[in-house]
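Our numbering puts the first residue of the sequence shown at 610, with every later residue one more than the last.
Heads up, the thing below is written out as structure tokens.
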Amino acid sequence: MKFLFALFAYRVNMQVVTLFSLFLLIVPAVVKAQTQKEKPAVTFEELYDEPFSINKLFIGFQPLYGELFATNPNAGFGIEASYFHKDKFDLKASFRKTYSSGFFDYNRDAELKSQNLSIPGSAVSGKPQIFNYFEIGGTYHIKDFDQDSKTTMVLYKKSFKGDRWAATVPLHAEIPCKVRKIYGVRLGTIFWKSTADLNRALSKQGMTNNNLVTATGKKLPDTYQDQYGQTKQLNAFGNIQSADIYLGGSMSWIRNVAVSFDKYDDGVDDGLMTVFFDIMVAPSFNLDPLMYNGESYSTKALKTHMLGMRAGIDGKFNRTLGWSYGGELGYRPSLVGQGFYAMFKIAFPLYSTNLDYKVESFGK
């Protein structure tokens with residue numbers, strides 16, 4: 610009797626487990642089906658899909674860039690221009706500099722403060738150099754082609770404003786389109802100049818101020834006595850200039866598509882994005898000698914590295930008025946131990962044009 614009762618209880622338990630397992634399998638499917646039903650279907654009409662029909666000239670003002678450069682951390686403003694010549698090549702030129710020593714040119718600001726606060730002062734190479742950066746180069750299109758792709762657009766309409774848009778989970782639509790790809794080889798030149806903290810450079814290279822000497826062999830002192838008779842470290846700063854050549858490769862993705870949705874505002878994807886990698890070499894590199902108490906101290910003891918590399922990304926949009934972004938990470942030719950840098954930049958406004966102002970004319 611006990612055996613029959615146990616067998617009956619076992620069968621009941623197995624039925625309960627089976628029903629519970631089926632419930633766990635069915636509920637997610639039902640929920641998913643309900644969720645899918647809640648997503649509205651949208652139809653669209655392609656307005657254009659022309660990744661080769663982009664503007665030729667882009668000129669942008671960079672109100673802010675920031676650079677964590679081991680030689681001299683800095684931030685400021687810049688100007689950048691790029692030009693596309695059909696599917697053959699594109700050119701680029703840029704200029705950046707700091708707004709002021711206080712915002713933000715770290716070593717120049719430190720040297721100016723050192724000169725103002727110390728007696729007899731710091732060991733310097735004349736007037737502290739403002740950070741300036743110039744770059745000009747071009748990319749030859751080894752392969753420039755388009756292929757079928759897809760893009761995702763956010764579904765939006767003007768009624769989604771304020772709190773309603775903030776409380777809305779945006780819907781996305783996947784749109785078939787063409788993507789233009791460019792495989793390129795890059796070549797260009799860079800010129801930059803800055804104030805360098807030589808105390809840090811000497812320390813990283815296992816040296817002190819005593820390694821900087823005059824023509825007669827007199828060593829630069831490590832310390833000095835201020836007006837109160839206190840011993841302080843002698844701050845050594847130098848002006849540095851470098852002319853670099855870079856060679857590398859890049860890959861670009863260009864989309865230029867617009868569609869009209871039946872119940873939503875028009876959607877556009879007109880992004881241009883490029884990633885690149887360059888090798889840099891500095892055939893010309895100069896670190897000025899220091900002046901201290903009317904005497905010139907050579908900086909030749911400081912070691913420099915002439916090779917560098919960088920990887921970066923640039924992006925913008927094919928609009929008459931828009932914005933762009935970019936960033937780099939690498940090791941720049943500089944003093945040994947002070948080549949690492951990371952930089953970001955934002956351009957707004959970015960103006961662009963196709964430089965085609967001709968129209969067809971007909972005689973009456």
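Don't be surprised by glycine CBs; every beta carbon is placed ideally from N, CA and C.
Owing to the predicted nature of the structure, the values given are computational and were not obtained by experimental measurement.
Would residue i pass as a contact of residue j if the rule is Cβ separation under 8 Å?
i, j, result
"Q814", "G946", "yes"
"L930", "V733", "no"
"N683", "A805", "no"
"N927", "N716", "no"
"Y906", "T823", "yes"
"N844", "D831", "no"
"Y940", "Y765", "no"
"F704", "F743", "yes"
"D755", "K787", "yes"
"F678", "T707", "no"
"D670", "A956", "Just to set this straight, residue 670 is Phe in the shown sequence, not Asp. A contact, by the Cβ cut-off of 8 Å."
"S851", "F894", "yes"
"L829", "L911", "no"
"Y950", "E659", "no"
"D878", "M762", "yes"
"G793", "Y749", "yes"
"K759", "I791", "no"
"K701", "G747", "yes"
"R795", "F667", "no"
"L944", "A810", "yes"
Name the two residues that bound the continuous alpha helix (DSSP H) containing residue i.
i, result
"K813", "807-813"
So residue i is in the beta strand (DSSP E); what residue range does that whole segment cover?
i, result
"Y742", "741-764"
"R864", "No beta strand (DSSP E) contains R864, which DSSP labels as neither H nor E."
"R928", "It is not in any beta strand (DSSP E) - R928 carries neither H nor E in the DSSP assignment."
"D881", "With the sequence shown as reference, residue 881 is identified as Leu, and Asp is not the correct amino acid for it. Looking at the DSSP string, the run of the beta strand (DSSP E) that includes L881 is 880-896."
"L656", "653-658"
"S907", "Note, S907: premise wrong, no beta strand (DSSP E); not H, not E."
"Q671", "666-678"
"M900", "899-901"
"A650", "Unbroken run through A650: none, as it is neither H nor E."
"A845", "A845 -> no beta strand (DSSP E), and no H or E assigned at all."
"Y950", "949-962"
"N818", "Taken as a continuous stretch (DSSP letters only), N818 belongs to no beta strand (DSSP E), as it is neither H nor E."
"F698", "698-707"
"A684", "683-694"
"Q834", "832-834"
Just to check my reading of the structure: residue i and residue j have Cβ atoms closer than 8 Å, yes? What is that Cβ distance to the nearest angstrom?
i, j, result
"T908", "G847", "6 Å"
"G935", "K954", "5 Å"
"T883", "I922", "7 Å"
"Y942", "G917", "Here the sequence assigns Pro to residue 942, which means Tyr is not the residue at that position. The pair is a contact, with the Cβ atoms about 5 Å apart (cut-off 8 Å)."
"F661", "R864", "No, F661 and R864 are not in contact; Cβ-Cβ is about 11 Å, not under 8 Å."
"D965", "R919", "Wrong, their Cβ atoms sit about 34 Å apart, outside the cutoff."
Would you mind sorting residue i into buried or exposed? The rule is 16 or more other CB atoms within 10 Å of its CB.
i, result
"I751", "exposed"
"F875", "Per the sequence shown, the amino acid found at residue 875 is Asp instead of Phe. Per the 10 Å Cβ criterion, exposed."
"T608", "Since the first residue shown for the chain is 610 and the last is 973, residue 608 is missing from the structure and cannot be characterised."
"V866", "buried"
"Q643", "The predicted model places Q643 with a pLDDT of 48, which falls under 50 and marks its position as unreliable, so this point remains unresolved."
"F712", "exposed"
"L896", "buried"
"K641", "Since pLDDT at K641 reaches only 49, below the 50 mark, its modelled position is unreliable, and the value read off the structure follows with that caveat. Exposed is the call here."
"V890", "exposed"
"A650", "exposed"
"L959", "buried"
"P892", "exposed"
"G714", "The sequence as given places Asp at residue 714; Gly does not occur at that position. That one is buried."
"K770", "exposed"
"S812", "exposed"
"Q738", "buried"
Can a CB atom of chain D be found closer than 8 Å to the CB of residue i?
i, result
"S861", "This model lacks chain D altogether; it includes just one protein chain."
Inset, instruction - Give a yes or no on contact between the region 715-726 and the region 686-702, applying the rule of three or more CB pairs nearer than 8 Å. - result: no
Inset, instruction - Report yes or no: do the region 779-786 and the region 794-807 share at least 3 C-beta pairs separated by less than 8 Å? - result: no
Inset, instruction - Could you say if the region 849-860 and the region 651-658 meet the contact criterion of at least three C-beta pairs nearer than 8 Å? - result: no
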